[in-house]
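Heads up: the structure comes next, in structure tokens.
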Amino acid sequence: MQKFECLYEGTAKQGNPTILNEIYTELYITESDRGEISNEHEVRQIETQSRRAATEDTPIKCNDIFRPLPGQDKPIRTVLTKGVAGIGKTVSVQKFILDWAEGKENQDIQLIFPLPFRELNLMKDKTLSLLDILHVFFPETKEMEISSDKYKVLFIFDGLDECRLSWDFQSNVRLCDVSASASVDVLLTNLIMGNLLPSALIWITSRPAAADLIPSECVHRVTEVRGFNDPQKEEYFRKRISDQSLANRIISHLKSSRILYIMCHIPVFCWISAAVLEKMLSQAESGENPKTLTEMYTHFLILQTNIKQEKGYEKNVTDEDMILKLGKLAFQQLMKGNVIFYEEDLRECDINVTDASVYSGLCTQIFREEFGLYQWKVFCFVHLSIQEHLAALYVHLSCTNHNINVLDQITKQSLRSKVKDLFQLSSLEHVSLSELHQRAVNEALKSKNGHLDLFLRFLLGLSVEPHQNLLQRLMKQARSICDSSEKTADYIKKKIRTIDCPEKSISLFHCLNELGDHSLVEEIHQYLKSGTIKRAKLSSSQWSAVVFVLLTSEKKLDEFDLNKFVGGNNETKKLQVLLKLLPVIKESRSVQ
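Take the position in the sequence shown, starting the count at 1, then add 109; the result is the number in my numbering.
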């Protein structure tokens, strides 16, 4: 109870702990099939899920994940819970354990062993028995007979996507004895397969991309954490903000931007928005309230920098230097696909490990330092999107302040040596921001899993003129931004005309939104409003805009009627339009 009753929103050691039960808002969790692994950026997966009607899913309460639903008679031993970064998987685990510890739920379980993968990673080269691992993590178990059926035991393995162990479920190494020694990965595969402690319950959480590391025959139930549905979003803000009229203003501001409101499915984004808007709306600060993702995240960074100044951290590290170093780390690890870093990763970016607490002091709530086993330090940004925003800021400032196109440099040299010597390599040629943008657009379009999509949105959003005034509050910029936004918008429109992947074109429309270019979308709004769309001869990029407008509108896509979009009886033309609108049809409840 002591370990799990507080929720540290943002950081493990600093910040203000919140009593979990005071703020906890029930998450929307559904029973799910394994499904195909999505190759879209997780933010896009959230945008897609937000359209899905609740009636299509089987909701399930977190405390009921080991209980069969009506009509299900097989016992459930192993549960895999998937969900995108920041959606609430770890908080669900915390709430499950707290309710159990307080005697409210799942009282048939006698022992719960939470073993996060980021801590198990630190033991990957060791040879141990399962009992040895338990004795290291939970010394009080030395007196217990865990090998027998005397206790009903639950193992919780949180964060499969952070796992650096090598999985081999085809291995012939079969272990049945909890005191037999083996490598940690062999122990875990035998535990999950049911060779070790077959009566123990297993709960594994993972981001979607890593969920297929566990073979489906080893999993008895798959659940998916969908974050907050619309009523839960409002409930969160009303619990989080004590002044209810301020909470109402925050909710109505978020609702005024469809893109921000969709992002509020992610609890971490609600927390970021609450922190920013509570300050901005209560102090009636001058300037526009954030309407785009980039604005929201830059305001959040400014807010955290101010917290650091208020707390009076040492002045030997300037904010600009700190942000560049954190940005360098964020960018370097984003390119490698890492969300968890260790001490050597920090050293590579000239971040002094002994000063790490001061460094994370700039970002008490941005950069989280956790102490795993044996007090080894594990570092991560509070959310992947914060890492992506800092990485974009680093790439932007490398260009404007140091005349370096980091994306070009990376292909010229290996990542490790490149990023280390970045500022010694300042180019004599003038590096054009619009060329950097075009390069970033191409890199993002090449990515098979869309992992650079949000990074690209942030990078483009940072270059818009109103945003420059915001950035001036963080640091000096050596170069004024000329017409890069217009050139970049034209380049993106050209790309929308030539690509035939709906997901990629939707991502590019989000980029246009960050650049403040709404021309294509406004045209389509006019066609849809006047009902003349079926008579208009639309180009391929205009059809892509139709898809974007329909997928980001507030209206639920209950019924899709093709005849509203194409007139006459030309079957070939109808088929062409049908194919262009497939992403919308996928999200509709019924189709005419």
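All C-beta atoms in this analysis are idealised placements derived from N, C-alpha and C, irrespective of residue type, glycine included.
Note that this is a predicted model, so its numbers are computed, not measured.
Between the Cα of residue i and those of the options, spot the shortest distance and give me the residue it belongs to.
i: residue 437; options: 354, 504 and 387; result: 504
i: residue 113; options: 131, 207, 191 and 166; result: 207
i: residue 187; options: 332, 675 and 518; result: 332
i: residue 139; options: 691, 338 and 642; result: 338
i: residue 377; options: 632, 152, 664 and 624; result: 152
i: residue 312; options: 250, 171, 283 and 676; result: 171
i: residue 612; options: 577, 663, 558 and 241; result: 558
i: residue 193; options: 683, 493 and 687; result: 493
i: residue 238; options: 262, 116, 284 and 683; result: 284
i: residue 134; options: 261, 342 and 295; result: 342
i: residue 666; options: 604, 690, 652 and 550; result: 690
i: residue 189; options: 672, 624 and 315; result: 315
i: residue 562; options: 498, 687, 518 and 641; result: 498
i: residue 275; options: 640, 260, 232 and 490; result: 232
i: residue 223; options: 555, 260, 264 and 234; result: 264
i: residue 201; options: 228, 381, 635 and 130; result: 130
i: residue 388; options: 374, 355, 657 and 361; result: 355
i: residue 500; options: 370, 448, 664 and 386; result: 448
i: residue 142; options: 154, 166 and 156; result: 166
i: residue 335; options: 195, 547 and 692; result: 195
Just the Cα atoms here: how many angstroms apart are residue i and residue j?
i: residue 601; j: residue 679; result: 32 Å
i: residue 428; j: residue 457; result: 19 Å
i: residue 61; j: residue 226; result: Residue 61 falls outside the range modelled here, since the chain spans only 110 to 701, and no answer is possible.
i: residue 530; j: residue 516; result: Residue placement at residue 530 is flagged as unreliable, the pLDDT there being 49, under the threshold of 50; a coordinate-derived value is accordingly withheld.
i: residue 459; j: residue 414; result: 20 Å
i: residue 655; j: residue 277; result: 46 Å
i: residue 506; j: residue 391; result: 31 Å
i: residue 349; j: residue 540; result: 45 Å
i: residue 383; j: residue 677; result: 50 Å
i: residue 80; j: residue 262; result: Nothing about residue 80 can be read from this structure; the chain reaches only from 110 to 701.
i: residue 660; j: residue 269; result: 31 Å
i: residue 300; j: residue 251; result: 19 Å
i: residue 247; j: residue 273; result: 22 Å
i: residue 325; j: residue 609; result: 33 Å
i: residue 651; j: residue 628; result: 10 Å
i: residue 549; j: residue 697; result: 33 Å
i: residue 683; j: residue 673; result: 11 Å
i: residue 258; j: residue 132; result: 37 Å
i: residue 433; j: residue 502; result: 8 Å
i: residue 604; j: residue 453; result: 39 Å
i: residue 289; j: residue 308; result: 18 Å
i: residue 681; j: residue 688; result: 11 Å
i: residue 727; j: residue 631; result: Past the edges of the chain, shown from 110 to 701, lies residue 727, and the structure says nothing about it.
i: residue 398; j: residue 330; result: 43 Å
i: residue 579; j: residue 571; result: 9 Å
i: residue 302; j: residue 327; result: 6 Å
i: residue 381; j: residue 409; result: 7 Å
i: residue 623; j: residue 576; result: 10 Å
i: residue 619; j: residue 182; result: 46 Å
i: residue 179; j: residue 168; result: 13 Å
Can you give me the Cβ contacts of residue i inside the same chain, cut-off strictly under 8 Å, excluding the 5 residues immediately before and after it?
i: residue 209; result: 215, 216, 218 and 221
i: residue 524; result: Note that residue 524 has pLDDT 46, beneath the 50 cutoff, so the model's placement of it is unreliable and no number is given.
i: residue 287; result: 238, 239, 240, 255, 256, 305 and 306
i: residue 606; result: 648, 649 and 650
i: residue 296; result: 237, 238, 239, 242, 284 and 305
i: residue 582; result: 411
i: residue 366; result: 400 and 401
i: residue 671; result: 683, 686, 687, 690, 700 and 701
i: residue 266; result: 224, 225, 226, 229, 297, 311, 312, 313 and 314
Return the Cβ separation of residue i and residue j in integer angstroms, given the expectation that the two are a contact with Cβ distance under 8 Å.
i: residue 198; j: residue 317; result: Incorrect: roughly 11 Å between the Cβ atoms, too far for contact.
i: residue 566; j: residue 407; result: Not really, about 13 Å apart at Cβ, beyond 8 Å.
i: residue 451; j: residue 491; result: With a Cβ gap of about 17 Å, residue 451 and residue 491 do not count as contacting.
Could you name the residues of the same chain whose beta carbon sits closer than 6 Å to that of residue i, not counting the 5 residues immediately before and after it, in chain order?
i: residue 700; result: 669 and 694
i: residue 545; result: 508 and 514
i: residue 686; result: 674 and 675
i: residue 634; result: none
Excluding the five sequence neighbours on either side, which residues of its own chain have a C-beta within less than 7 Å of the C-beta of residue i, listed in chain order?
i: residue 292; result: 236
i: residue 543; result: 593, 596 and 597
i: residue 617; result: 601, 604 and 605
i: residue 533; result: Only weak support is given to the placement of residue 533: the predicted model assigns it a pLDDT of 47, under 50, and the question is left unresolved by the model.
i: residue 279; result: none
If you measure from the CB of residue i, is any heavy atom of the ligand FAD nearer than 7 Å?
i: residue 207; result: This structure lacks the ligand FAD, and indeed carries no ligand of any kind.
* Along the chain, which unbroken stretches of the beta strand (DSSP E) at least 3 residues long are found entirely within the region 248–315? -> Taking 3 residues as the minimum length, the beta strand (DSSP E) runs contained wholly in the region 248–315 are 262–266 and 310–315, in order along the chain.
* Whole runs of the alpha helix (DSSP H) within the region 331–379, excluding any shorter than 4 residues -> Restricting attention to alpha helix (DSSP H) runs no shorter than 4 residues, the region 331–379 encloses them at 339–349, 353–365 and 367–372, ordered along the chain.
* To do: Pick out the complete beta strand (DSSP E) segments inside the region 640–674, 3 residues or longer, and give them in chain order.
  => List check, beta strand (DSSP E) in window: nothing returned.
* **Every unbroken alpha helix (DSSP H) within the region 146–216, with a cutoff of 4 residues, ordered by chain** => Correct list: 151–158 and 198–210.
* Length at least 4, wholly inside the region 560–628: the alpha helix (DSSP H) runs in chain order -> Runs of alpha helix (DSSP H) with 4 or more residues, each lying fully within the region 560–628, are found at 562–570, 574–581, 593–607 and 611–623, listed in chain order.
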